[in-house]
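Quick note: the sequence shown uses UniProt numbering, first residue 1, plus one each step. What follows is one structure encoded as C-alpha cells, with my remarks underneath.
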Amino acid sequence: MSNFSQFDVEPEVEEQDDSSFLLSIGDLMSGLLMLFALLFIIVQMQLSERIQEVKRLETELAAYKKAIDELPIRILNAINGNVGGKGVFIVDPKTGDVSIAERLLFDEGSAELKPEGKKFLQEFIPVYSQVIFSNNKFDEQITRIVIEGHTSSEGSDKVNLELSLRRSLSVSDYIFSNQLNFKTKGQLRNKILAAGRGEIDANQKIDNPSDRKVVFRFQFKREDFSKWFPKTRSPVSQP
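Here it is in C-alpha cells:
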C-alpha cells in the first residue's frame with residue numbers, strides 16, 4: 001500500500017512544477033513586452049526630435065537663401081545713381097560683388113589713391129556698410145568682405161601681384177583712417193580683408209583696361225550640416 005501512495009503523490013508535484021514553469025515564462029514575456037514598449041517609445045521620441053531638427057534646419061536654410069538673394073539687390077538699389085559717376089563701378093546682381101574701375105581710384109601703375117578715388121570711397125563706404133549691417137541676417141551670413149586688387153596681364157606676375165596687394169591695402173587703410181567716419185566703421189573693420197589677385201583673373205591674350213580694378217567681394221558663412229546628422233562609424237578592415 002505504501003508504494004501505491006507514493007505513486008499517487010508524484011503527479012501533484014509535477015503539476016506544481018509545471019505551473020511554476022509556466023508562471024515564470026509568463027513573467028518573462030510580460031517583462032519583454034514592457035521592454036519592447038519602452039524601446040518603441042524611446043525611438044518615437046528620438047524620431048520626433050530628429051524631425052524637429054530637420055524642420056529647424058530647413059527654416060535656417062530658407063532664411064540663409066533669402067538673405068543671400070536679397071543682399072545684392074539691396075546694395076544695387078542703395079548705391080546705383082546715388083554714388084559715383086556713370087560707368088565707374090559695377091554691382092553683380094547675383095553675388096553683390098562691387099567692381100570699381102582703376103581709373104577712378106589710381107593712376108596706372110600706382111598704388112596711391114587719387115583725390116577722386118578718395119571722394120568716391122567717402123560716398124560709397126558709408127552707404128555700402130549701412131546696407132550690410134541694416135539686417136542681422138546679412139551680418140550673420142557675411143564672414144568676410146574681401147577688398148581684392150586686380151591688374152591686367154601686362155607686366156610680370158610678380159609686379160602685378162605686388163601692385164594689386166598694395167592697392168587693396170591703400171583702399172583698406174583709407175577706409176579706416178580718420179578721414180572717413182561712419183556709424184558702422186567698427187563693425188566693418190571686423191570683416192574687412194585686403195587681398196591681391198594680380199593678373200590671375202585677367203585676360204591673358206590682351207591687355208584689357210577693364211581687368212584693372214578693385215573688387216569688394218563677400219565671403220559667406222558655410223553651415224556645418226554634419227551636426228544635424230548622427231555620425232556613422234567607418235567599417236574596420238580585417239587583417
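Even glycine gets a Cβ: it sits at the ideal position worked out from N, Cα and C.
query, result
"Beta-carbon proximity check, ILE142 vs LYS191, cutoff 8 Å", "yes"
"PHE216 and VAL98 closer than 8 Å at C-beta", "yes"
"Reference ASP211; option with closest CA among LEU180, LEU163 and ALA202", "ALA202"
"Among ILE125, LYS213, GLY109 and GLY155, the one whose alpha carbon lies nearest that of GLY186", "ILE125"
"Option in ALA63, GLN44, GLU49 and ILE68 with minimal Cα separation from PHE218", "ILE68"
"From MET34, GLU108 and GLU140, residue whose alpha carbon lies closest to that of GLY155", "GLU108"
"Paired residues, beta bridge with LEU71 - DSSP", "DSSP lists no partner for LEU71."
"For LEU185, the first and last residue of its enclosing alpha helix (DSSP H)", "Sequence inspection shows Lys at residue 185; the Leu mentioned does not correspond to that position. First-last of the alpha helix (DSSP H) with LYS185: 185-189."
"LEU213 burial status per 10 Å Cβ neighbour count (16 or more: buried)", "At residue 213 the sequence reads Lys, which differs from the Leu that was named. Its Cβ being crowded by 16 or more others within 10 Å, LYS213 is buried."
"8 Å Cβ cutoff met for LEU121 and LEU193", "no"
"Where GLN219 falls: helix, strand or coil (DSSP)", "strand"
"ARG167, enclosing alpha helix (DSSP H) - first and last residue", "157-175"
"Three-way DSSP call (helix, strand, coil) for LEU47 in this model", "helix"
"Helix, strand or coil at PHE133 [DSSP, three-state]", "coil"
"ILE200 - DSSP class collapsed to helix/strand/coil", "coil"
"Closest Cα partner of GLU140 within the set LEU163, ALA63, LEU47 and LEU33", "ALA63"
"Coarse secondary structure for ARG212, derived from DSSP in three states", "coil"
"Separation of ILE145 from ILE73, as counted between CA atoms", "17 Å"
"Reference ILE206, options SER153, ARG197, ASP173 and ALA111, closest by Cα", "SER153"
"Where SER48 falls, given that 16 or more other Cβ within 10 Å makes a residue buried", "exposed"
"Of the residues VAL127, LEU104, LEU105 and ASN77, the one placed nearest PRO93, counting alpha carbons only", "ASN77"
"Selected residue, minimal CA-CA separation from GLU116, among GLN130, GLY85, SER129 and LYS137", "GLY85"
"Three-state class that DSSP yields for SER152 in the structure shown", "coil"
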